[in-house]
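J.: Note that UniProt numbering gives residue 143 to position 143 of the sequence shown, counting from 1, and the numbers run on in steps of one. Every residue gets a Cβ at the ideal spot worked out from N, C-alpha and C, and that includes glycine.
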Amino acid sequence: MDLTVKIKRYNPEKDDAPHWESYEVPADPLDSALALLLHVKWHIDGTLSLRKSCAHGICGSDAMQINGENKLACSVLVKDLVDDSGETVTFAPLPSAPVIKDLVIDQSRFFEKYRSVKPWLINDTPEPERERAQSPEEHEIIEDATKCIMCGACTHACPSTWADPDYLGPAAMLKAYRYTFDTRDDGTEDRLEIVDSPDGLWKCYTIFNCNQACPKEIDITRWLSALKRRAVTASASTAA
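(1) According to DSSP, is Ser49 part of a helix, a strand, or is it coil?
(2) Which residue or residues does DSSP assign as beta-bridge partners of Pro26?
(3) His19 by DSSP, collapsed to three states: which one?
(4) Given a cut-off of 9 Å, decide if Ser225 and Thr238 are closer than it, judged by their beta-carbon atoms.
(5) Measuring alpha carbon to alpha carbon, tell me which residue in Pro98, Thr183 and Ser49 is nearest His139.
(6) Check whether the Cβ atoms of Gly57 and Ser75 sit closer than 9 Å, and answer yes or no.
(7) Is Gly68 buried or exposed, if buried means 16 or more other CB atoms sit within 10 Å of its CB?
(8) So Glu10 packs on Val99, CB below 8 Å; how close in whole Å?
(9) So does the stretch 108–115 actually touch the stretch 23–32, counting three or more Cβ pairs closer than 8 Å?
(10) Look up Phe91 in the DSSP assignment and give the residues it is bridged to.
(11) Once the 5 residues before and after Asp166 are set aside, which same chain residues still bring their CB inside 8 Å of it?
(12) At the 9 Å Cβ level, is Ser96 part of the contact set with chain C, yes or no?
(13) Examine the Cβ distances between the stretch 175–193 and the stretch 204–218 and report whether three or more of them are shorter than 8 Å.
(14) Which two residues bound the contiguous beta strand (DSSP E) that contains Val40?
(15) Is there contact between the stretch 8–22 and the stretch 32–39, where contact requires at least three CB pairs shorter than 8 Å?
(16) Examine the ligand NAD and report whether any of its heavy atoms sits within less than 8 Å of the Cβ of Leu48.
(17) State the start and end residues of the unbroken beta strand (DSSP E) segment that holds Lys113.
(18) Using 8 Å for Cβ pairs, my map puts Lys79 next to Leu30. What's the rounded Cβ distance?
(19) Can you tell me whether Val104 is helix, strand or coil according to DSSP?
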């Protein structure tokens with residue numbers, strides 16, 4: 001089939017504002033959306049800019065807005081975007097972030113928020129001879145959250161992020177959940193001090209956009225709710 005691929009283009013060196021450009025692209029129903037973009041770049045217009053790396057849904061680098069929804073370009077197939085008669089597929093950068101060029105956004109602020117929640121294991125006790133053990137039952141509590149690939153699809157689908165650039169966002173706070181509930185970690189107090197704030201947990205209004213956008217189908221809202229309960233319990237204990 002032949003598809004019309006519409007891409008939101010922006011080159012800061014010559015464009016005053018983003019604009020749409022259309023390309024006719026041959027496609028198979030089992031092609032990925034990323035394949036459509038690569039056809040444009042390799043065969044039609046080599047100036048197109050986009051991020052991509054593994055092309056297997058692991059690195060998260062090719063997250064973008066496809067047909068108006070935040071998705072990984074490598075993980076969505078043409079057959080799920082159009083019918084057999086052929087249609088138009090649109091590509092735009094993730095919303096609520098500065099655009100560097102075309103589909104490439106500036107992720108500096110996103111990863112600054114990620115680093116702010118201390119997304120690493122905090123444990124100052126002597127290292128064991130082998131590893132810090134964790135039971136299957138203990139790991140199950142955080143297993144869903146460990147699937148996060150930091151693609152940013154959830155954060156850039158969140159209305160609170162659109163409204164407030166200082167909001168930590170679901171991706172960063174999911175990492176805070178993952179380590180706060182890790183039984184091998186001793187950094188709960190430090191992380192809760194960061195996320196238990198007006199720009200953190202309490203600006204999450206349980207809208208569920210993050211769940212819908214997550215390419216790994218993580219139940220983000222559920223885990224952020226659990227983190228809220230932990231924060232409230234910790235505050236109550238401190239007050240007592």
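T.: Checking against the coordinates, here is how it stands:
(1) coil
(2) Residue pairing by DSSP places Pro26 opposite Asp2 in a beta bridge.
(3) strand
(4) It is not a contact, given that the beta carbons lie outside the stated cut-off.
(5) Minimum Cα-Cα distance from His139 among the listed residues Pro98, Thr183 and Ser49 corresponds to Thr183.
(6) yes
(7) exposed
(8) Per the sequence presented here, residue 10 reads as Tyr, with Glu not at that position. Yes, Tyr10 and Val99 are in contact; Cβ-Cβ is about 5 Å, under 8 Å.
(9) no
(10) DSSP lists Ile7 and Ile66 as partners of Phe91.
(11) Asp199
(12) Chain labels in this structure do not include chain C; a single protein chain is all it has.
(13) no
(14) In the DSSP assignment, Val40 falls outside any beta strand (DSSP E) and carries neither an H nor an E.
(15) no
(16) Annotation note on the ligand NAD: not contained in the displayed structure, which lists no ligands.
(17) First-last for Lys113: Ser108 to Ser116, but that is the alpha helix (DSSP H), not the beta strand (DSSP E).
(18) Rounded, the Cβ-Cβ distance is 7 Å, consistent with contact.
(19) strand
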